[in-house]
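Novice: The structure is given below, and queries will be raised subsequently.
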Amino acid sequence: MIRQFAIILLASIGLVAAIFAHGAMAVVPSDYGLVEGDLMSATGSSDPDIYIVNDYGYKRLFLNPTIFNFYGHLKWSNVRSISSTTRDAFSTSGLFRNCETNDPKVYAVEITAEDKGMLHWVNISGEQAVAQDPNFFKKVFCINSAEWSWYQKSGVDYTTLSQVPDYSRLTQEQYTVRLIVHYLKNQTHDSNAQPALEDALRDVRDWYFDQLGTTFVVGSTIIHDFSRETWHWTDALREVVDPCQNNVVFVSFNVGEQWQGGTYGADIWGCSFSVPGRVGGYWNAESNPIGLRGWLSHELGHAFGLGHPIPGYCDTVPNVMGGGYTLWPNEGFCPDDVPTLLALPWFSAP
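For the sequence shown, our numbering gives the first residue as 57, with consecutive numbering after it.
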């Protein structure tokens, strides 16, 4: 089963000795009365998810009940009830390969919603993988073609293991701002777009800290290849995530055909607030980097529940919510808006 496929893969690239020379894991299933392939769930805890454990002391999460049902030999009745201590003793892995087709490529899953994920090819050699993590191949779980097809595939490869995200389900306690970069079907990816947008969002995050003494957490970027050749904001966003997650604000960009000197569209979705939905505009990071950052600061304020100030109120303060955000970063929030933001869970951590 899982172990058999893993050994075949390692032998094919001459890495068995390199892997096992580093010794056994500190935890193995038998330490807790389990065996490889056991299904387990910490029922009654805050995390009732179902996992399967391998012989090397790693577990994988069934992100969605649909995935569990792709495996006819797995039975819900065979899920063992364990303590949260036992569950947490096994590190969670999100590394997979399609063993049904004997595909040698290893993929890492990025969680894009509570029960959705996207696969990224870990595009490094076996030697590089082992050099970066001696236990890399012990963490690789076999999946079948049905599960493989269920995931969306990212057009962005991981070229170092440091890019592989922690594999855990998003919970309501994790409040983040996440960037999504969309491309139309068959559109060539622009290498300048993602880093420019990420830089802008990081600058805005730091600007919020300057205003509030705390700031929001930026989640991992999602790169999305839309299934159509013509644009539709809502359909594109819903193709990759549920846009109305109460704990995530999405900054959703459509990269224009000509990044250099061109334009691209941007939406921000904050569906947990009194006026959920999109606020957006068009900015270019090359020709107007300050405008882009000011716009992001302003529209994120709307996503966090702030409105435009009443005329005549707060006019003496350069106010990012007052439409004067071309002055960014030399502006701030109205004094009454600061406690409103600090009361939100996005700003609860220093």
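Yeah, the Cβ is synthetic: ideal placement off N, Cα and C, and Gly gets one too.
Quick check: what's the CA-CA separation for G357 versus L217?
Specialist: Each residue's Cα considered, the two are about 34 Å apart.
Novice: Following the continuous alpha helix (DSSP H) through T141, name the residue where it begins and the one where it ends.
Specialist: Segment 140-145, the alpha helix (DSSP H) holding T141.
Novice: Looking only at its own chain, which residues have a Cβ that is under 6 Å from the Cβ of T396, when we skip the five neighbours before and after it?
Specialist: There are no such residues.
Novice: Closest to F152 by C-alpha separation, out of W132, V83, K195, N191, would be which residue?
Specialist: Here the closest residue by C-alpha is K195.
Novice: Restricting to Cα atoms, I'd like to know which of I279, N200, D94 is closest to I167.
Specialist: The residue with the shortest Cα to Cα distance from I167 is I279.
Novice: Look at the alpha carbon of Q228 and the alpha carbon of L117, and state the distance between them as a whole number of angstroms.
Specialist: Because the pLDDT of Q228 is 44, which lies under 50, any placement of that residue in the model is unreliable, and the question is left without a value.
Novice: How is D393 classed by DSSP in three states: helix, strand or coil?
Specialist: D393 falls in the helix class under three-state DSSP.
Novice: So, is the C-beta of A256 closer than 8 Å to a C-beta in chain D?
Specialist: Here chain D cannot be found, since the structure has a single protein chain.
Novice: Assuming the contact rule is C-beta atoms closer than 8 Å, W384 and G363 should be a hit. Round their C-beta distance to whole Å, please.
Specialist: Wrong, their Cβ atoms sit about 19 Å apart, outside the cutoff.
Novice: Starting from G182, trace the alpha helix (DSSP H) both ways and give me its first and last residue.
Specialist: Its alpha helix (DSSP H) spans residues 182-188.
Novice: Does R294 come out as helix, strand or coil in the three-state DSSP assignment?
Specialist: Helix, per DSSP.
Novice: Would you tell me roughly how many angstroms separate the C-alpha atoms of W263 and V84, rounded to the nearest one?
Specialist: Those two C-alpha atoms are separated by around 46 Å.
Novice: State the Cα-Cα distance for the pair P391 and A202, rounded to the nearest angstrom.
Specialist: Approximately 54 Å between the Cα atoms of the pair.
Novice: Grab me the residues of V376's own chain with a C-beta within less than 6 Å of its C-beta, minus the 5 sequence neighbours each way, in chain order.
Specialist: Cβ within range, chain order: S353, H354, E387.
Novice: Under 8 Å, do T271 and R284 count as touching if we go by C-beta distance?
Specialist: Going by C-beta atoms, T271 is not nearer than 8 Å to R284.
Novice: Would you say the stretch 297-308 touches the stretch 240-248, given that touching needs at least three Cβ pairs under 8 Å?
Specialist: The stretch 297-308 is not in contact with the stretch 240-248.
Novice: If you compare alpha carbons, which of N179, N302, A256 is closest to T277?
Specialist: Closest by alpha carbon: A256.
Novice: Apply the 10 Å Cβ neighbour rule to R234 and answer buried if 16 or more other Cβ atoms are within range, or exposed otherwise.
Specialist: Buried.
Novice: How would you call Y114, buried or exposed, if buried means at least 16 neighbouring beta carbons within 10 angstroms?
Specialist: Buried, by the Cβ-count rule.
Novice: Just the Cα atoms here: how many angstroms apart are S97 and F282?
Specialist: Looking at the two C-alpha atoms, the distance is approximately 36 Å.
Novice: Three or more C-beta pairs closer than 8 Å, one from the stretch 184-198 and one from the stretch 140-152: is that the case here?
Specialist: Cβ pair count under 8 Å is three or more, so yes.
Novice: Under the DSSP definition of a beta bridge, which residues are partnered with Y107?
Specialist: Beta-bridge pairing links Y107 to M96, L117.
Novice: Closer than 6 Å by C-beta to R143: which residues in its own chain qualify, once you throw out the five before and the five after it? Chain order, please.
Specialist: For R143, where only same-chain residues beyond five positions count, the Cβ hits under 6 Å are A98.
Novice: Could you give the first and the last residue of the continuous beta strand (DSSP E) run that contains Y239?
Specialist: 232-239 is the span of the beta strand (DSSP E), which, as asked, contains Y239.
Novice: Under a Cβ-count criterion, where at least 16 other Cβ atoms within 10 Å of its own Cβ denotes burial, should V331 be classed as buried or exposed?
Specialist: Any reading at V331 is ruled out, since the residue's pLDDT is 46, under 50, leaving its predicted position unreliable.
Novice: Quick check: G173 and L119, are their CB atoms within less than 8 Å of each other?
Specialist: Cβ distance < 8 Å, so G173 and L119 count as in contact.
Novice: Nearest-angstrom Cα distance between D105 and C370?
Specialist: Going from the Cα of D105 to the Cα of C370 covers about 49 Å.
Novice: To the nearest angstrom, report how far apart D189 and P367 are at their CA atoms.
Specialist: Cα-Cα distance, rounded: 58 Å.
Novice: What does a CB cutoff of less than 6 Å around P401 pick up in its chain, not counting 5 residues either side in sequence?
Specialist: Within the same chain, P401 has close Cβ partners Y231.
Novice: Measuring only the C-alpha atoms, how far is G269 from F403?
Specialist: G269 and F403: Cα-Cα distance of roughly 9 Å.
Novice: Ordered along the chain, which non-local residues of its own chain (more than five positions away) have a Cβ less than 6 Å from that of N179?
Specialist: So the list reads D213, T215, once near-sequence residues are dropped.
Novice: Using the Cα positions of F389 and P365, report the straight-line distance between them to the nearest angstrom.
Specialist: Distance between the alpha carbons of F389 and P365: 10 Å.
Novice: Contact defined as beta carbons within less than 8 Å: I believe S147 pairs with H176. What is the distance between those atoms, to the nearest angstrom?
Specialist: That belief does not hold up - the Cβ atoms of S147 and H176 are roughly 19 Å apart, past 8 Å.
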